[in-house]
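Below: the structure, in structure tokens.
Chains as they are written, first to last, in UniProt numbering: chain S, 1 to 140; chain C, 1 to 798.
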């Protein structure tokens with residue numbers, strides 16, 4: 001019998017963006033409200049998993065041609081780079097800098113190097129969860 | 001670095017070049033490159049005689065580890081010089097002998113001479129070091145090089161057995177000696193023997209005195225093959241004969257004697273030293289000579305003979321120590337006992353060295369060392385026979401050889417023991433001369449066996465591998481030199497007394513003026529009659545040997561020390577194997593039981609000993625309705641996991657517990673934790689389900705079997721952790737540092753979510769490595785699943 005996933009797939013197309021937006025929100029708002037790179041990353045990978053459930057893994061890898069191991073490595077590079085970057089300014093490791101910058105389009109924006117660090121965490125978490133799921137899922 | 005240090009270290013230096021010389025000059029016997037060194041050293045050390053004979057010493061110091069008080073202090077005094085001359089003198093003769101003994105193309109000469117040189121250098125270091133740690137270093141070097149030399153023919157099982165045995169026994173003694181040295185250091189604060197001797201009076205009152213004494217003596221007794229540690233020496237006879245002649249008769253086995261002599265001024269003020277040294281010496285003397293008679297292998301006879309002679313020297317040293325112990329008696333006499341020890345030490349090195357070489361010649365020319373196969377060699381090997389006669393007669397203590405003189409002095413010493421009047425010595429002291437006399441009779445018998453069974457009697461050509469003929473001249477030079485020494489010293493003993501023996505005595509017994517005079521003729525004293533008795537009874541017993549040989553069968557073979565050693569070694573192996581097998585059973589469950597039991601034990605004991613349990617309810621918050629509800633849910637969930645039948649239920653229950661925990665986080669106002677816990681719990685439950693879906697199908701799902709130990713241990717762990725948590729909570733000593741974070745989260749780090757700010761800013765270092773851990777886990781899973789090379793191979797085999 002051939003199953004039809006039309007409802008699931010259609011719902012996914014709508015819900016996916018809501019989840020992604022929510023996870024980005026949680027990630028960016030992490031410094032002020034509950035959330036941050038870890039939960040944000042987990043939610044993003046949750047969205048991708050939903051995609052995998054609704055479609056199949058090959059389709060998903062066509063849509064998102066990402067090597068998740070590289071992603072985790074990039075995350076580590078971001079986090080480690082932020083940590084080591086402090087040394088260039090002759091301050092101890094992992095000293096963050098922040099301040100208000102007047103950007104051309106966005107106007108007065110608060111920027112914080114901790115966000116780069118958190119982005120590293122985010123990437124690592126997405127990379128790691130997706131590597132695990134994908135590896136186990138593809139295994140016969 | 002003085003010339004003296006260079007002299008001590010020169011054998012090591014030459015040893016480096018031996019393999020190169022061996023490879024470069026294949027046509028020349030490597031021994032010729034070695035030979036000049038000991039001769040050079042011998043003549044160098046001869047030049048010291050003029051200094052030591054006027055009772056002066058030479059001390060040269062080179063710092064080695066100054067921070068620990070360890071300096072390489074080379075000191076030449078009478079005793080050290082005597083040994084140095086023996087080592088280099090007999091060393092040269094042995095090297096010369098070995099050139100003819102070891103074939104150039106059959107043996108690995110490079111390793112042989114490297115080992116031999118290592119040994120020579122180590123031995124020189126032992127006798128010329130004033131620092132005990134340096135002495136110990138060289139001491140172990142002699143053990144190692146001796147091990148290598150005994151196992152020189154390593155393809156023979158007996159060689160390996162002998163090498164291992166000697167290694168185990170001598171290293172055991174060496175380590176206990178190190179313990180003694182450290183105890184001495186604790187008592188005196190110095191490793192230098194001369195400084196320790198200066199504090200001898202203080203040492204004797206220390207509580208560490210007896211342990212130090214016993215430890216040092218253990219080292220000396222094992223090295224010098226004293227009873228009951230003599231068992232390694234007969235097995236060491238598997239070494240090439242030059243090695244036996246050098247190490248196991250003239251030098252290494254005398255290292256223990258040297259140590260006892262060197263330590264006499266330190267320890268001899270107490271009677272214990274005297275009785276231990278003299279007692280073990282006399283027992284060794286008897287046991288060695290008694291056992292030598294029953295041996296059938298020429299080298300075995302010589303080995304037991306060495307044991308016995310070493311015992312004799314040791315007992316004389318013990319008696320000599322009485323000179324330091326008793327003030328009221330005639331000191332000159334006990335000094336004479338020490339003089340006898342030194343004199344015999346020298347004599348033994350000469351005749352035993354030559355006898356080993358003679359036996360080596362017999363072995364080399366006939367192919368056997370078994371006295372049952374040998375006989376009637378006198379006509380084929382007249383020179384060797386003459387040498388054997390000189391050596392054995394000297395060993396038996398017959399005039400006019402040097403052995404006679406030292407044996408007379410030995411008897412004198414033994415008779416005078418009875419005059420010591422402590423420890424009820426009038427009665428027990430009588431044993432000394434009696435045992436000594438009986439042992440001398442046995443010495444006479446085996447000496448006669450050695451020479452007459454080999455060289456006279458019936459010639460049995462059918463049993464010999466080769467047709468015997470006289471040895472080449474080069475092989476004979478060394479024993480001839482030694483045998484002529486035996487005779488020269490026999491006739492002119494006093495050439496040694498002022499130059500060698502008297503300075504050596506000065507080092508053993510300081511502050512005792514002893515006039516050494518060895519007279520050939522004592523007059524009609526008891527010693528003379530004792531010697532006559534030894535000869536008469538010895539001849540009688542030798543002639544009737546076949547009739548009383550059965551005596552040796554009285555002792556069952558199981559009751560030997562070798563048997564004890566072998567079975568002991570086996571038992572230790574067996575027992576430790578068994579012990580390891582009982583607790584290392586390979587089951588993780590047992591190891592967890594050990595770990596948790598130890599955890600409970602150590603914590604419970606600490607709490608009990610420190611009386612640490614407190615329960616303080618003053619600063620706990622009130623408990624609300626939701627907390628009770630959630631706690632009930634967690635408890636019910638956890639307990640049901642233990643009792644459910646299906647695994648699926650257990651996983652779901654585990655998930656329920658996890659979600660309840662996240663509700664706890666909500667309740668206790670930890671939104672970040674709650675969020676994370678929720679998502680992580682979902683993922684882990686999913687992974688669990690994945691795992692259990694893949695379990696083998698035929699596996700019966702059965703309930704966990706109940707095990708009492710597991711129950712007790714898990715309840716114990718739970719109880720102990722609860723107790724600790726309660727006590728820790730009741731004992732809060734300092735305020736939390738959380739205030740700082742609350743105040744500075746926005747001002748310092750520009751954030752309002754304190755948890756996140758702590759994670760990425762205040763303590764971002766931890767986070768950095770936690771994400772590293774995650775990455776490693778992912779890579780691990782990836783590698784584990786993708787790389788299954790072992791599994792593939794197995795499938796192919798199927």
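Here a beta-carbon is modelled for each residue, glycine too, at the ideal position from N, C-alpha and C.
In summary, residue 318 (chain C) is buried, with 16 or more beta-carbon neighbours lying within 10 Å of its beta-carbon over all protein chains present.
Sequence-ordered contacts of the stretch 94-117 of chain S with chain C read 94, 96, 98, 110, 112, 114, 117 [C-beta pairs closer than 8 Å]. Close CB contacts of residue 197 (chain C) within its chain, under the 8 Å cut and outside five residues either way in sequence, are with 265, 266, 510 (chain order). Within the stretch 72-94 of chain S, contact with chain C at the beta-carbon level (separation under 9 Å) is assigned to 72, 73, 75, 76, 79, 80, 82, 83, 93, 94. Taking CB atoms only, residue 781 (chain C) has a neighbour in chain S less than 7 Å away. Taking the C-beta atoms as reference points, residue 629 (chain C) is found no nearer than 7 Å to residue 664 (chain C).
Here residue 114 (chain S) is not bridged, per DSSP, to any residue. For the 7 Å CB-CB criterion, residue 160 (chain C) and residue 151 (chain C) form a contact. Put simply, the stretch 248-262 of chain C touches the stretch 71-83 of chain C. At least three CB pairs are less than 8 Å apart. Using a Cβ-Cβ cut-off of 7 Å, residue 33 (chain S) counts as an interface residue toward chain C, since at least one Cβ of chain C sits closer than that to its own. Contact between residue 650 (chain C) and residue 641 (chain C) holds: their C-beta atoms lie close to 5 Å from each other, under 8 Å. In the structure shown, residue 761 (chain C) falls within a helical segment according to DSSP collapsed to helix, strand and coil. Interface annotation, residue 18 (chain S): not in contact with chain C, CB-CB separation never under 7 Å. Note on the stretch 524-597 of chain C: whole alpha helix (DSSP H) runs with a minimum of 4 residues are 526-543, 545-548, 551-554, 561-583, in chain order.
In terms of Cβ geometry, residue 128 (chain C) and residue 74 (chain C) form a close pair [threshold 7 Å].
Under the Cβ distance rule, residue 774 (chain C) counts among the residues neighbouring chain S, one pair being separated by less than 7 Å.
Boundaries of the alpha helix (DSSP H) around residue 209 (chain C): 209-223.
Boundaries of the alpha helix (DSSP H) around residue 708 (chain C): 708-730.
When the beta-carbon positions are compared, residue 394 (chain C) and residue 401 (chain C) come within less than 7 Å of each other. In this structure residue 438 (chain C) is not in contact with residue 251 (chain C), their Cβ atoms being roughly 29 Å apart against a cut-off of 8 Å.
DSSP places residue 182 (chain C) within a helical segment (H, G or I) once states are collapsed to three. Counting other Cβ atoms within 10 Å of its Cβ, residue 691 (chain C) stays below 16 and is therefore classed as exposed. Boundaries of the beta strand (DSSP E) harbouring residue 74 (chain C): 70-76, taken from the DSSP string.
With a cutoff of 7 Å on beta-carbon distance, residue 277 (chain C) and residue 314 (chain C) are scored as near each other. Just so you know, the alpha carbons of residue 126 (chain S) and residue 695 (chain C) end up roughly 28 Å apart. One finds 676, 679, 680, 683 in chain C with Cβ atoms closer than 8 Å to the Cβ of residue 42 (chain S), taken in chain order.
Residue 618 (chain C) and residue 29 (chain S) have their C-alpha atoms some 39 Å from each other. DSSP places residue 192 (chain C) in the strand class (E or B) of the three-state scheme. In this structure, residue 142 (chain C) lies away from residue 163 (chain C), with their beta-carbon atoms at least 7 Å apart. Excluding its 5 nearest sequence neighbours in each direction, residue 600 (chain C) has C-beta neighbours in its own chain below 8 Å: 713, 716, 717, 720, listed in chain order. Going by C-alpha positions, residue 214 (chain C) is about 19 Å away from residue 320 (chain C). Each residue's CA atom was taken as its position, placing residue 85 (chain C) and residue 483 (chain C) some 17 Å apart. Nearest in C-alpha terms to residue 9 (chain S), of all of S:42, S:20, S:33, S:52, is S:52. Going by beta carbons, residue 349 (chain C) and residue 316 (chain C) fall outside the 7 Å limit. At the C-beta level, residue 37 (chain S) and residue 128 (chain S) stay beyond 7 Å of one another. Taking a C-beta cut-off of 8 Å against chain C, the contacting residues of the stretch 123-134 of chain S are 124, 125, 127, 128, 129, 131, 132, listed in chain order.
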